[in-house]
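Chains as they are written, first to last, in the working numbering: chain B, 1 to 344; chain F, 1001 to 1344; chain Z, 2001 to 2344.
Here a beta-carbon is modelled for each residue, glycine too, at the ideal position from N, C-alpha and C.
Let me begin by presenting the structure, written as structure tokens, before commenting on it.
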Amino acid sequence: MVSDPRFYQLHAPVILGELVGAVNAKLAHGSPDHQLEGVAALGSATRADITFARSSKVLKEISQLDAGLCFCSPDMVEPLKSLGVLAIAVCDCPVAAFNMAASLLVQPRQNNFHDEAISSDAILAEGVLIGPGACIGDGVQVGKNTIIGPGAVIGTGCIIGHHCHIGANAVIGFSIIGDRVDIRPGAVLGEAGLGIVMSEQGMLEVTHFGHVRIADDVRVGSITTIDRAVFGETFIGERTKIDNQVQVAHNVTIGSDCVLAAFAGVSGSTTLGKGIMMGGRATIIDHIRIGDEVRIGAGALVTKDIGAGEIWSGYPARPLRQFLREQVSLEKLAAAKGNKQNGK
Amino acid sequence: MVSDPRFYQLHAPVILGELVGAVNAKLAHGSPDHQLEGVAALGSATRADITFARSSKVLKEISQLDAGLCFCSPDMVEPLKSLGVLAIAVCDCPVAAFNMAASLLVQPRQNNFHDEAISSDAILAEGVLIGPGACIGDGVQVGKNTIIGPGAVIGTGCIIGHHCHIGANAVIGFSIIGDRVDIRPGAVLGEAGLGIVMSEQGMLEVTHFGHVRIADDVRVGSITTIDRAVFGETFIGERTKIDNQVQVAHNVTIGSDCVLAAFAGVSGSTTLGKGIMMGGRATIIDHIRIGDEVRIGAGALVTKDIGAGEIWSGYPARPLRQFLREQVSLEKLAAAKGNKQNGK
Amino acid sequence: MVSDPRFYQLHAPVILGELVGAVNAKLAHGSPDHQLEGVAALGSATRADITFARSSKVLKEISQLDAGLCFCSPDMVEPLKSLGVLAIAVCDCPVAAFNMAASLLVQPRQNNFHDEAISSDAILAEGVLIGPGACIGDGVQVGKNTIIGPGAVIGTGCIIGHHCHIGANAVIGFSIIGDRVDIRPGAVLGEAGLGIVMSEQGMLEVTHFGHVRIADDVRVGSITTIDRAVFGETFIGERTKIDNQVQVAHNVTIGSDCVLAAFAGVSGSTTLGKGIMMGGRATIIDHIRIGDEVRIGAGALVTKDIGAGEIWSGYPARPLRQFLREQVSLEKLAAAKGNKQNGK
């Protein structure tokens, strides 16, 4: 997967043997002459991508892998070979080696700090208004009649559509934003999320190579955070309305016409369908799938996939009826005990 | 209800017939010559206000309505007429028609982006200190010895009392703030809240015509959000102390001498009395009334009105004693089952 | 305890008799000629410190107190004398008297608002990059190759190590920050926390005399808040990774190699050991001790100390196994009741 060149400097192609040598790994399978271009997760890597395998657990239920180069520990060479991985490099800490090799292929563009806060390289359409103290990076494109509030910071390469409103002191980077999008003050979009991999060298943070994409007519509340993807994109669908102080983690996909109330939280790689309502402070853990038109109660903690049209609530969340029935049962149980203790 | 002219441009009076025609509605009752001045919720609209009725459900328990003009669907004409509404306009989507008509009566004042960050039109009393990069809009008034931190943004028309402290990068709009108020960095006050009305045209956002009022000696923590009212005001009473990362939604009223710990959330149109303590992450859903001196436990989710002086906790919240009794009952039940399974 | 002179102006020494007189207290024990230098909590005050005693409850389990001067109500004179307090001043509202007396010893340095946003007094090492609109206070020191984003505000006296990254619009004050620290946009560090003491004069806010210290290689997510200590320091240990929208209250100590997921909250004076994982939205109330390598589930509310290596979850939190067993018991109970009601 080739990272978006608006946000990343790409050094492709790089020769496989050079990559492996530069990170002190050992080529256990494949040709050192192969050329590599991008980075990807193990399951979606193509022959032009480097990737890594954390443990043999991740290979369950996989029948084929097309990665161009995979970093792994010695015990994983044979299973990966049999799944079709083109080249395999062995090392003590696959994540660390991958991160280092990836930085030779792809690097985030730094925001250049010019003397002028608005880069002369930015393309601002007719009718764009920019508040005092706003900062616009190199290569930014802003569509007509968009208003960028005072103190807002738009990072290198961002695309913002027409008739958008970017609130004061919002900070936006690594983002492609549609038309008529309303982003409120203090929102932060496009930062790398927090992904931790345990390695022999201790905790390693997962490097991010992706971006954020916001479809048309989306609303993002004040002081909401939307992290960019590790690979690919974090996506918010058309007309979805997000309230204040919401957190959307890396690689989340949210469909169109959803409503996320204040303090809602969606953890990494979770996917929401269309027309979903999340109550205030509702939380969904990582790698969950939520079907269309689902309603999640205020304060619920969702730890399982939910099918289309269902209503869930509770901690942890369960179907609403079950939750209510359990509440009543518990209430009666406690009342009965109370009666006994009172000698009735 | 006439919106505050500090924050809104008022085009009143507007002739009823022109309003109805401009939004392609059909006058079903009343005189086209009546003059209108403001906007209001159905229940509080006067003869000078336009309003809308979402559904016949909202008419239950209402014996009289004084609105000057009400937008509604065809089936509601007769019930509204019998409640005394002066004029009625029929249309497919009453909310959309109301929003459009309202914009002909009332429009939020835009922040003008001058070359200078501090408007020459702002009135700054003696001893006011303004940090580098702060942005002060037209018509702003700031009382003596108030300090406005670096990067703070004060929107058009805001009133800030004396001896206040506005933190760095705070964003304040549509707000009237008392004396000795302490607002911490990154707080966002006065944005339109998230109100959604389902219509035949899909989700519609509720337009906001109100403001925020903060009484004397209030403290607002870092990165806290307080949304302005749809109509009228969101209000925080004297001496109330609000911690970091709290959310106060539109049309909330909070009495004096309350304490809201970090992450507390108060949903739309909820009313809190005096001397209330909300623990960390306590949440109250919308349209709830909380009596004086109530204490709400950390993490509780309040879904019902609570009478004065009570202590509630739990998810959903219930009286503390009941919550504790239920916890003990559940613990014993599980322990008993565990013993059985262990053959005891 | 002498407050850090980087952040506070110290007027020490001050003669005891002058302090007591200035706040209209009455010296009930000790010599008016003693010299005082700092402020501290009752339990950690030395002979050079002033302090206060709220109520006789706080004296339980204390066998000796070394304070130089303690403000208290008349009934506490004898118990404090017998514990060894050097001098005792009696007054109606000990907290108010202490706050006033403390301000004669120690005062926070105000940020001076120069015409230039970057103080000429700041010491910036080689390779430091500062974004447009950033504001750097007097006496700030920044290590080599550190990047400070656009609009970031670094308050008077802060120390920032080398190779750090401070995100756009972050606000940092009263903080000592190590090397390779990564602070994301909109984070707010070093504000006074919310501490309330009830007095006869109503609620009084606790004045803060401490600072924040962040060790090397820490990551602080976007829009996270870390409050400074009342006395001493709020501390984040090496390599600890904090996600977005986390709240760390005053006087918290967090050990090395911890992970705090989004919305995690740690209340005042709570201490976390090393290698702790807090799930998303996990909350710990105040004055709790969490042992090394503890894991706390998403959304849990911790109200008790937890020993090293344990796994807890739930509301309120309990050992994970117990929590799961209770969930199963409740589910079965409700299902059984449901069957009965259905005539089965």
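When only Cα atoms are considered, G1143 (chain F) and V2058 (chain Z) end up about 42 Å apart. Taking K2337 (chain Z) as reference, the option from B:A336, B:I290 and B:S329 with the minimal CA-CA separation is B:S329. Per DSSP, the continuous alpha helix (DSSP H) segment holding L2105 (chain Z) begins and ends at P2094 to L2105. Our two residues, A1045 (chain F) and G1127 (chain F), have alpha carbons roughly 42 Å apart in a direct line.
For the region 1279-1299 of chain F, residues whose beta-carbon sits nearer than 8 Å to a beta-carbon of chain B comprise R1281, T1283 and I1285. E2205 (chain Z) has its alpha-carbon roughly 9 Å from the corresponding atom of G2193 (chain Z). In this structure, the straight-line span from the alpha carbon of V294 (chain B) to that of S1313 (chain F) is close to 27 Å.
What R325 (chain B) touches in chain Z, judged by beta-carbon distance under 9 Å, is A2334, A2335, K2337 and G2338, going in chain order. Residue range L1016 to A1022 is occupied by the alpha helix (DSSP H) that includes V1020 (chain F).
N1111 (chain F) and G1155 (chain F) do touch by the CB rule: their CB atoms are close to 5 Å apart, below 8 Å. In the three-state DSSP reduction, F323 (chain B) falls in the helix class (H, G or I). Interface annotation, P2316 (chain Z): not in contact with chain B, CB-CB separation never under 9 Å. The beta-carbon distance between G2221 (chain Z) and R2281 (chain Z), rounded to whole angstroms, is 14 Å. This is too long to meet the 8 Å contact definition. Between the C-alpha atoms of S103 (chain B) and A53 (chain B) there is a straight-line separation of about 17 Å. In the structure shown, S2313 (chain Z) adopts extended strand secondary structure according to DSSP, grouped into three states. Within the model, the alpha-carbon separation for I1166 (chain F) versus A1152 (chain F) is close to 7 Å.
Excluding five sequence positions before and after D257 (chain B), the CB atoms of its chain that fall closer than 8 Å to its own CB belong to G237, E238, R239, T240, K274 and G275, given in chain order. A direct Cα-to-Cα measurement between G133 (chain B) and V1188 (chain F) gives close to 17 Å. The three-state reading of DSSP puts S2044 (chain Z) in helix, counting H, G and I together. Collapsing the DSSP output to three states places L1194 (chain F) in coil.
When the beta-carbon positions are compared, G38 (chain B) and Q64 (chain B) stay at least 9 Å from each other. Looking at the DSSP output, L1069 (chain F) shares a beta bridge with F:I1050.
In this structure, the alpha-carbon of Q141 (chain B) lies about 44 Å from that of A2229 (chain Z).
As for any alpha helix (DSSP H) of minimum length 4 sitting wholly inside the region 78-161 of chain B, the runs are 94-105, ordered along the chain. Residues of chain Z with a Cβ closer than 8 Å to the Cβ of F113 (chain B) are, in chain order, L2129, I2130, G2131, P2132 and P2150.
DSSP, reduced to helix, strand and coil, places E2238 (chain Z) outside both helices and strands of the structure shown, so it counts as coil.
The beta-carbon distance between A25 (chain B) and V90 (chain B), rounded to whole angstroms, is 6 Å. This is short enough to meet the 8 Å contact definition. Among the residues facing chain Z, D227 (chain B) is included, as its CB has a counterpart in that chain under 9 Å away. What I196 (chain B) touches in chain Z, judged by beta-carbon distance under 7 Å, is K2241 and V2259, going in chain order.
With its beta carbon less than 9 Å from one in chain F, E331 (chain B) belongs to the interface.
Here I306 (chain B) has I290, G291, V294 and W312 as same chain residues with Cβ atoms under 7 Å from its own Cβ, once five neighbours each way along the sequence are excluded. In this structure, V1252 (chain F) and D1216 (chain F) do not form a Cβ contact; the two beta carbons are roughly 18 Å apart against a cut-off of 8 Å. Counting the other Cβ atoms within 10 Å of the Cβ of Q1327 (chain F) gives 16 or more, which makes it buried.
Residues of chain B whose Cβ lies closer than 7 Å to the Cβ of C1072 (chain F) do not exist; the shortest such Cβ separation is about 24 Å. A direct Cα-to-Cα measurement between D2092 (chain Z) and D2075 (chain Z) gives close to 11 Å. A straight line joining the alpha-carbon of V14 (chain B) with that of Q35 (chain B) spans about 6 Å.
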